[in-house]
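So the sequences go chain by chain: A and B.
So that you can map any letter, position 118 of the first sequence is 118 in the numbering used here, and since no number is skipped, the others follow by simple counting.
So that you can map any letter, position 486 of the second sequence is 1486 in the numbering used here, and since no number is skipped, the others follow by simple counting.
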Amino acid sequence: MAQMAKTVVMIAPKPDQAPRVDQVGVDERVARFRSRSIKKASKVEALNLVLSQIDLTTLEGQDTPGKVRQLCQKAMRLHDSLPDIPHVAAVCVYPMMVAEAKKALGASGIKVASVATSFPSGMAPSEVKLEEIKLAVGLGADEIDMVISRGKFLEGKYQEVFDEIVACKEACGDAHLKVILETGELGTLDRVRYASLLAMQAGADFIKTSTGKIQPAATMPVTLVMLQAIRDYYYDTGRMVGMKPAGGISKAKLAIHYLVMLRETLGEAWMSPDWFRFGASSLANDVLMQLQKQQTGIYQSEDYFSKD
Amino acid sequence: MNKAAAPHTLNFDTGWAYSPAPESTDHVHIEDQYKLFIGGKFVAPKSGKYFDTINPANEKVLARVAQAGAADVDRAVTAARDAYDTDWSKMKPAERGKYIYRIARIIQERAREFAVIESMDGGKPIREARDVDIPLAAAHFFYYAGWADKLDYAFPCRTPQSLGVAGQIIPWNFPLLMAAWKIAPALACGNTVVLKPAETTPLTALKLAEVIEAADLPPGVVNILTGDGSTGAAIVNHEDVNKIAFTGSTNVGRIIQRALAGTDKRYTLELGGKAANIIFADAAIDQAVEGVVNAIFFNQGHVCCAGSRLLVQESVADEVIAKLKERMQTLIVGDPLDKNTDIGAINSAEQLERINAYLDLGLEEGAEMFQCGGKNPDKGYWCQPTLFTNVAQSHRIVREEIFGPVLAIQTFRTLDEAVAKANNTQYGLSGGIWTDKGAKIFSVGAKMRAGVIWANTFNKFDPTSPFGGYKESGVGREGGMHGLSAYLDLH
């Protein structure tokens, strides 16, 4: 009986089960979010929340254990001259660097996220992808950021994409699974909405816009469509799914507008690092600069903030 | 996909509230008292009377403005006639165009000041005054300035001739924008103007008088008279006025039309509305919900073309209503000058009373009312955004124009039923269609008897687009090339 129920769940949703999306309307809604003026106490509160939601990321071919250690140090101690600021949510690295990051972060409470599944292209056989996930989890990754097979998705082989996500989720074990849709390659918001549904039904804990290796990466319209997909999925199932826009969010002001969008679309329950993350490498310093400015009234040179 | 039964709701009562972000009023100068603008000068009213204009968000007096009596109207019409005879009708059309361009540019330069005053005097959110009212007002002047020397091309093989003196009476919901809708085409076509702003929102029209002074228009081409209904009546009944342009309630429109019967005065009337938004099951639901919110809550619902009725296909009705209710929780009601305010103050005590009477009536009629239960500020006139469900076509809240943030929701099964319900009204100003199917937009749009039909959007305005109503929503068109013909004799 349980086996049967599982079989039913394993069928991918069809594209027409996802609601239609109107690009013009989405853009207008985003413009409204961006017209919100966030000042004073609400700004400081938002900046602190942004810091706590950052997945501090380094995903370069040139990454070294030393660079990862530096990044982890930054993750734990963002800026010592600002007391009472939170640490970031996670450090996001390649599988090869997971062990180094895990060691450096110790008991700080900061998670180690590892990209996997032949990031960023996803152009590898399924078995290789699953092995990569198992390896990263075995090395101590708390979270896995996988990429969907965009080629198969665009060819219409939705069931295969779905099955692969299901298998990845299983391979994650206790690790959280973030599913990267790579929206910059999907072409339309209708496809973004459908891919979101597909990923959530296949078991994604988070859905994520982008690898950061493709332009456009995260945009507010794309993120809004994904947030609305999360909301409808929550209405239908009661299961909360997290959201991670990644790539292209490097300014505090833009990040705050993402929070405005989050607040007015999903409400209070999602306003935490458990349910919303920014995938970013340079955002933290701009937020720190803004926080410092709120305290002292003047902007400091970027040389006063560590670059790691 | 029916989501009504879902027990899972979202919580928007979040700990992260936006701090106040008030627009500064430092750069705004409002005089204690304003006179009438006649013949290019500010002159005291012969009536000797003044009245207060207040800020509906805090009930404080902003200024005292003159009450124009019949003698003042006569003086203004005479000034307009002189200006018409000696200057404006004789001027090269390209020169007229230059003056109108100048008005447009000065409005743009002083946009912030106009936006703040519009918000203070009328209660509308600064965001709307800043992003909609003032830019559109400037755009109307720009657009019609361009037509001034091209009228022969607008009406080929005809001989467009100006009419003379135009008497123009405008409402309180979009004070400066309505002044622009009226004045710009009139001037472009070579007419002179006597304009009366609404009693509760005279300030931006008086500021516009300053702009007209600064633009150095020949004296008397534009005259601005503040006053009440009696001033408007004096303009309508003045024998030397050639054309009346009125925007306002259907009741006053009826009175004007009656007064003009048997005269040779031309007229255009933009009156009330009770527009239906139709959401089909195949629509992009999230964007449709947003569209419905903007259609009814824009400018506190003080919009003649507001989407005050929602017709939603039954299979998505529960989802749409649930999402509307959640969206309403994120609407911010309060200080109109706060940049984050979505819904400002109701324009006047009188209008609030009228809206509240309809809320009572809706409950009395057995409809189900939904409000988010937000707290109103202590002073001023406020109405929380409101939905009525369980309503019928016979309910007065479905049939009558409320002119407030109140939406009546009905469901339908078939396309024909939707069209029949949408058209079953004394009005016909606007309508909205929400569907993903292009063909349906055209088939339904062709059947709807309303002057403006929006598809997958609502409340979009552009100077190039004609605007006007069927049935009791009015006579004539404003905007675009159609708007020119209302100010011309075409032989």
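Even for Gly, the Cβ is constructed at its ideal location relative to N, Cα and C.
Owing to the predicted nature of the structure, the values given are computational and were not obtained by experimental measurement.
Interface annotation, B:Asn1011: in contact with chain A, CB-CB separation under 9 Å.
Scanning chain A for C-beta atoms nearer than 8 Å to the C-beta of B:Asn1340 yields Arg36 and Ser37, reported in chain order.
Relative to the Cα of B:Ala1188, the nearest Cα in the group B:Ala1198, B:Ala1209 and B:Gln1161 belongs to B:Gln1161. Listed along chain A are Ser35, each with a C-beta nearer than 7 Å to that of B:Arg1127. For B:Leu1488 and B:Val1236, the gap between their C-alpha atoms comes out near 18 Å. The shortest CA-to-CA distance from A:Ala90 to any of A:Thr64, A:Leu51 and A:Met96 is the one to A:Leu51.
Rounded to the nearest whole angstrom, the CA to CA distance from B:Asn1251 to B:Arg1258 is 11 Å. By alpha-carbon distance to B:Glu1270, the top candidate from B:Ala1137, B:His1140 and B:Val1452 is B:Val1452. A distance below 7 Å between beta-carbons, with the five flanking residues on each side excluded, links A:Ala18 to the following residues of its chain, in chain order: Arg193, Tyr194 and Leu197. Beta-bridge analysis with DSSP links A:Cys92 to A:Thr57 and A:Ala113. Contact of B:Gly1334 with chain A is not assigned, every C-beta pair being separated by 9 Å or more.
By alpha-carbon distance to A:Val147, the top candidate from A:Glu268, A:Thr209 and A:Val98 is A:Thr209. Chain order gives no chain B residues near A:Leu254, where near means a beta carbon separation below 7 Å; the closest approach is about 17 Å. Counting every other CB atom within 10 Å of its CB across the protein chains shown gives B:Tyr1144 a total of 16 or more, marking it as buried. Contact residues of the stretch 1287 to 1305 of chain B toward chain A are Gln1287, Glu1290 and Gly1291 (C-beta to C-beta distance below 7 Å). Residue range Met220 to Thr237 is occupied by the alpha helix (DSSP H) that includes A:Tyr234.
Closer than 9 Å to the CB of A:Gln294 there is not a single CB belonging to chain B.
The beta-carbon of A:Ala12 is placed no less than 9 Å from the nearest beta-carbon of chain B.
Per DSSP, A:Asp163 has no beta bridge partner at all.
For A:Thr296, the enclosing alpha helix (DSSP H) covers residues Leu283 to Thr296. Nearest CB-CB separation between A:Ala218 and chain B: not below the 9 Å threshold. Burial check for B:Gln1351: the Cβ neighbour count within 10 Å reaches 16 or more, so the residue is buried. Contact of A:Asp22 with chain B by beta-carbon distance below 7 Å involves Ala1284, Gln1287 and Asn1456. Any Cβ of chain B closer than 9 Å to the Cβ of A:Leu197 would place that residue at the interface, and such an atom is absent. For B:Ala1284, the CB contacts under 8 Å within the same chain, skipping 5 residues up- and downstream, are Trp1434, Asp1436 and Asn1456 in chain order. Listed along the chain, the chain B residues whose CB falls inside 8 Å of the CB of A:Ser126 amount to none; the nearest CB is some 31 Å away.
Taking 7 Å as the cut-off between beta carbons, the residues of the stretch 1427 to 1441 of chain B near chain A are Asp1436, in sequence order. Restricted to the stretch 1057 to 1133 of chain B, the alpha helix (DSSP H) segments that are unbroken, complete and at least 4 residues in length are 1070 to 1083, 1093 to 1109 and 1111 to 1122, listed in chain order. Take A:Gln215, set aside five residues on each side of it, and the residues of its chain with a beta-carbon closer than 7 Å to its own are Gly184, in chain order.
Secondary structure within the stretch 1256 to 1304 of chain B: the beta strand (DSSP E) runs of 3 or more consecutive residues, fully enclosed, are 1266 to 1270 and 1276 to 1279 (chain order).
Under a criterion of Cβ atoms nearer than 9 Å, the residues of chain A adjacent to B:Gly1015 are, in order, Glu45, Glu268 and Met271. Membership of B:Gln1410 in the beta strand (DSSP E) is indicated by the continuous run Val1406 to Phe1412.
If you keep only unbroken beta strand (DSSP E) runs of at least 3 residues inside the stretch 1326 to 1362 of chain B, you get nothing at all.
For A:Glu143, there is no enclosing alpha helix (DSSP H); the enclosing beta strand (DSSP E) covers residues Glu143 to Val147.
The beta carbon of B:Gly1123 sits closer than 8 Å to those of Asn1055, Pro1056, Ala1057, Gln1300, Pro1336, Gly1344, Ala1345, Ile1346, Asn1347, Gly1380 and Tyr1381, all from its chain and outside the five residues before and after it, given in chain order. Proximity to B:Ile1244 across B:Arg1413, B:Gly1432 and B:Gly1476 peaks at B:Gly1476, based on C-alpha coordinates.
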